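Take the sequence shown: its position 319, counted from the start at 1, is 1797 in the working numbering, and no numbers get skipped. Heads up, the beta-carbon is just placed ideally off N, CA and C, and yes, glycines get one too. This structure is a prediction, so every number in the text was calculated from the model and none was measured. Here the structure is laid out as structure tokens; the discussion comes afterwards.
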Amino acid sequence: MTLIKSATREAFPPLPKNRDSAISKASASPPTDRPATGVGAREIELKLHVAPGDLTRLARHPALIGPRNGTASSQRLHTIYFDTPDRRLAAHGVALRVRRQGHNHVQTVKTLNAGAPGDAAAVAIRREWDWPIPSEDPDISLLTVESVRELVPQDALPDIQPLFVTDFQRTTLLVRPDPLTAIEVALDTGEIRAGVTHRPISEIELELKAGSITALFDLALRIQRIVPLRIGTESKAELGFALVTGTLPQPSKSQPLALTPATTVAEGFRHIVRNCMGHALANQASVMAVAHDPAVGDEGVHQMRVALRRLRSALGLFDEVVASPDADSMRNEVKWLANRLGPARDWDILDTAFFASYAEKKGNDKGVRLLAQAITQSRGSARAHAIEALRAPRHTTLMLGLGSWLESGRWNEDADAGVRELLTKPMADLAGGWLATRHRKSLKAGRQIRKLDDDRRHQLRISFKKLRYAVEFFRGIYPAPAVRPYLEAIETLQDLLGQLNDAATSRRLIEAIGAESGSDVKAAAKEFKEWLDRKTRRQLTELPDRWRDFEKVQPFWG
């Protein structure tokens, strides 16, 4: 994220400094008779980032304007977001805002994410409560009404103050792809401002008013054929809070899945794929931010690759019930993206996990300094290629296409009667057999573990990754105390296998640098490789014990 010093303060006037008294008065007023809108209107939305110059084209494009669609309208929206200085509302997963639309003001409480735990992918599902109010000062008494008081921390109310502003022009139109579907398309251009810093807004919001979620993905794919898009996963509120704190995009680990013993096989597949998609998309901003600030670090690349491996593993695990002519294409596209991110992760590991500590011990050695420069150059080039892949239309098309394929049910469109019967069964009926198969394959791959070379240890590591992902997918189906010892044994062994594989990959990379370099770098590379070899030999002595620990652990699926 790039923070830009605002040069247009006149166009976006600053917030009043002394709003506390008005807010305090509001908080002391008796509760209003105006009710929240039911239990909170549900908003189902797909956000897409787009270059500013493309928004005007889209507002007039035939893909959006047609005989079934409404007429476009435009208005300027000025919104103030409120929270405590330590952002207690955000910590509870809600945002408070007051939006000015013409001469009217609307106060809104909105959840930052109201989907099932671990089930958020490209589409955000949130709830919101709206009230008309007379001014830009929030009516704090509305936050005490029954429908929202459980969401909003009541002890925070006296400390609420304005934190940031969004100010943008919105063009909206209602698109009807078919008689049963209605999607509100909002084209937003403007800025988010916090103090003297701001970040631009240039995005499309597709909100489902009627129909299935599939329609959001399909409309986005149509727009993607007109202009390049990038899926956005953060709301304007979340982007504003990041602006206030100066927080860079953070890497994100996978979220727990909400599978239960009653989850059907079909439901399980959808939940797992959504979870993997959400994991990948949650890390794209962190990966891309490295281009502007290397301080973001390399964990985003790591987590995105983990997400893609989990996704590939899920597609393989459910192969028995996935019946679609597009399945191979989906797998190949996910593999393409994972491969494009792979070199960046390999160079990150070489530099941060191995070379940094080695170079520190070597001190001011000329060959090591030159080798460090070569590693930094290669690492930067690999990062640039990873970012290029995420900016490519192919990446967005993959994620939108995967979402459409999943939500439409096309992933099992060719299923015969037997497969359709399996899809309705509880996930527990199949999970045990699938886990047992992966367990047996891992045991077979680890036979004579002392004699395995780098390539066979790598295959063993892949086998254990697939086993671990399957266990993590299905752990909610089984009692937690039964799963924990097995998962811990896998994690311990897999971590060691991972370190050994990382060292083997780093040796290959450093050998390539040495072969292409002058005598000083060649000598330094040779010495560093020998250091890696010694480290590997020490770790190999631990492997038989970790393997025996795994062999002794009892499977939990019965």
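- An exposed status is given to Arg1925, since fewer than 16 other beta-carbon atoms sit within 10 Å of its beta-carbon.
- Here Pro1640 carries a strand assignment [DSSP, helix/strand/coil].
- In the three-state reduction of the DSSP assignment, Ser1690 falls in the coil class.
- Residue environment for His1676: buried (at least 16 other C-beta atoms within 10 angstroms of its C-beta).
- By the C-beta density criterion, Gly1531 is exposed, having fewer than 16 other C-beta atoms within 10 angstroms.
- In the three-state DSSP reduction, Gln1579 falls in the strand class (E or B).
- Under the 8 Å Cβ criterion, the stretch 1672-1690 counts as touching the stretch 1720-1730, having at least three qualifying pairs.
- Arg1708 and Ala1758 have their C-alpha atoms roughly 13 Å apart.
- Residue state for Trp1609 is assigned as strand, using DSSP reduced to three classes.
- With distances taken between CA atoms, Ala1664 lies nearest to Leu1526 out of Leu1526, Phe1560, Ser1791 and Tyr1559.
- Minimum Cα-Cα distance from Ala1569 among the listed residues Pro1631, Arg1575 and Pro1729 corresponds to Pro1631.
- In this structure, DSSP gives Gln2032 a state outside helix and strand, which the three-state scheme calls coil.
- Under the DSSP assignment, Phe1942 falls in the alpha helix (DSSP H) whose first and last residues are Asp1932 to Phe1952.
- Counting along the chain, Val1663 sits inside the beta strand (DSSP E) bounded by residues Ala1660 to Ala1672.
- For Gln1972, no beta strand (DSSP E) encloses it; the enclosing alpha helix (DSSP H) starts and ends at Ala1958 to Ala1993.
- Every beta strand (DSSP E) stretch that sits fully inside the stretch 1522-1578 and reaches 3 residues is listed by chain position as 1551-1561.
- Taken in chain order, the complete beta strand (DSSP E) segments of 3 or more residues contained in the stretch 1869-1923 number zero; there are none.
- Our two residues, Leu1652 and Ser1882, have alpha carbons roughly 20 Å apart in a direct line.
- Taking 8 Å as the cut-off, the Cβ atoms of Met1782 and Ala1600 do not count as close.
- Lys1588 carries a strand assignment under DSSP once its states are collapsed to helix, strand and coil.
- One Cα belongs to Val1576, the other to Ser1732, and the distance between them is close to 33 Å.
- Of the other Cβ atoms in all chains shown, 16 or more fall within 10 Å of the Cβ of His1749; this residue is therefore buried.
- The three-state secondary structure of Pro1734, taken from DSSP, is coil.
- The beta carbons of Leu1635 and Leu1620 sit no closer together than 8 Å.
- Contact between the stretch 1952-1961 and the stretch 1737-1753 is present: three or more C-beta pairs spanning the two stretches fall below 8 Å.
- Annotated three-state conformation of Thr1742 is strand, per DSSP.
- Contact annotation: Leu1913 and Val1949 have beta-carbon atoms nearer than 8 Å.
- As the crow flies, the alpha-carbon of Ala1816 is around 21 Å from that of Pro1727.
- The C-beta of Gln1762 has 16 or more other C-beta atoms within 10 Å across all chains shown, which makes the residue buried.
- By the Cβ neighbour-count rule, Pro2022 is exposed, with fewer than 16 other Cβ atoms within 10 Å of its own.
- Between Asp1826 and Arg1857, the C-beta spacing is below 8 Å.
- With respect to Val1626, Thr1557 sits apart: the two C-beta atoms are not nearer than 8 Å.
- Under the 10 Å beta carbon count, Pro1612 is surrounded by fewer than 16 other beta carbons and is classified as exposed.
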